[in-house]
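Below: the structure, in structure tokens.
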Amino acid sequence: MSANALDTKGQQRALRLSSLLQEIRANLVGRALPARAEVLVHESLSKRKLSRLLGVSATLINKYEGSEIDPWDIRWSLMRRISRLANLSLEQLDAVLSGEATADGLGQPIDQDPHDVLLALRQLIEQLEVHIQARDTSAEANTPVPWFGRYLRTLLADQAQESGQKLETVIQAFIQALPSVAPEDAQALQAVLESKSEFTRQQIQENCAAIATALSAVIEVPVTPSQLLAMLPDQ
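For the sequence shown, position 200 (counting from the first letter as 1) is numbered 200 according to UniProt numbering, and the numbering increases by one without interruption.
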């Protein structure tokens, strides 16, 4: 998609993503060891080398840094990798790309060897299998979590693309795979999938088991409730 084809907000987000990726490349310069110079060299971190860290083509990196792609259209798994390299939480990355915050003061240059970061990315699923102690306050419980809806929509859209099915078919299969859920929550979830509303922290906590069960029934990689809870920002 060209920059001209993006709406105004999409163009702004694309520009912020471009700036963030350039900062990431600058922050990773000089962090490689000589023995590992085949991936990163001391003098520079090229777009090609960044593409290897993120697991995408150099052509895509060019498009991202050329502000041609709205980050809201990027696969969820890639956004997680970008957040790790920028040393930002998902909530912070969302704020940076939305223009609500800047990367300065949020993320600090990563102090890990990039190879260690890459290894950590590959082990992300295992790392997310941790016990999360859910803590509620009435204010936080009713706070919408916008990126959670994008996460669900991206997973189902990816599955539709990979399976050759219509997105509506995959969404319907997801809804039908939900175990016992209150009718109002099922309707709210349908609205989230249609981008008409967003789930709150409390709704995610109350329905994470059902959502994980339904996701595991329609996508290739199983999802656990603890993985969903682990993505909630700390209160």
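Quick reminder that beta carbons are idealized off the backbone N, C-alpha and C, glycines included. None of these values were measured; they are calculated from a predicted model.
- Cβ contact annotation for Ala188 (same chain, cutoff 8 angstroms, sequence separation greater than five): Ser197, Phe199, Gln203, in chain order.
- Apart from sequence neighbours up to five positions away, the residues of its chain that approach Gln165 with a beta-carbon distance below 8 angstroms are Gln159, ordered along the chain.
- Three or more beta-carbon pairs drawn from the stretch 173-181 and the stretch 205-222 are found closer than 8 angstroms, and the two stretches are therefore classed as touching.
- In this structure, DSSP gives Pro144 an extended state, which the three-state scheme calls strand.
- An exposed status is given to Ser163, since fewer than 16 other beta-carbon atoms sit within 10 Å of its beta-carbon.
- Across the set Glu194, Ile175, Arg80, the C-alpha of Ile175 shows the shortest separation from the C-alpha of Ile219.
- The beta carbon of Lys47 sits closer than 8 angstroms to those of Arg25, Ala58, Ile61, Asn62, Glu65, all from its chain and outside the five residues before and after it, given in chain order.
- Taking 8 angstroms as the cut-off, the beta carbon of Ser67 is found closer than this to the beta carbon of Leu15.
- Between Arg13 and Trp76, the C-beta gap is not smaller than 8 angstroms, which leaves the two residues out of contact.
- Secondary structure of Thr224 (DSSP, three-state): coil.
- Apart from the 5 residues on each side of it in sequence, Leu152 sits with its Cβ closer than 7 angstroms to the Cβ of Val192, Leu193 in its chain, given in chain order.
- By DSSP's assignment, Thr200 forms a beta bridge with Pro144.
- DSSP assignment within the stretch 166-193 yields the following whole alpha helix (DSSP H) runs of 4 residues or more, N-terminal first: 167-177, 183-193.
- By the beta-carbon neighbour count (other beta carbons within 10 angstroms, threshold 16), Lys9 is exposed.
- Using a Cβ distance threshold of 8 angstroms, Leu54 and Ile82 count as a contacting pair.
- The C-beta of Val221 has fewer than 16 other C-beta atoms within 10 Å across all chains shown, which makes the residue exposed.
- Following the DSSP letters along the chain, one finds Ile61 inside the alpha helix (DSSP H) bounded by residues 58-65.
- Non-local C-beta neighbours of Pro225 in its own chain, meaning closer than 6 angstroms and more than five positions away in sequence, comprise Cys208, Ala209, Ala212, ordered along the chain.
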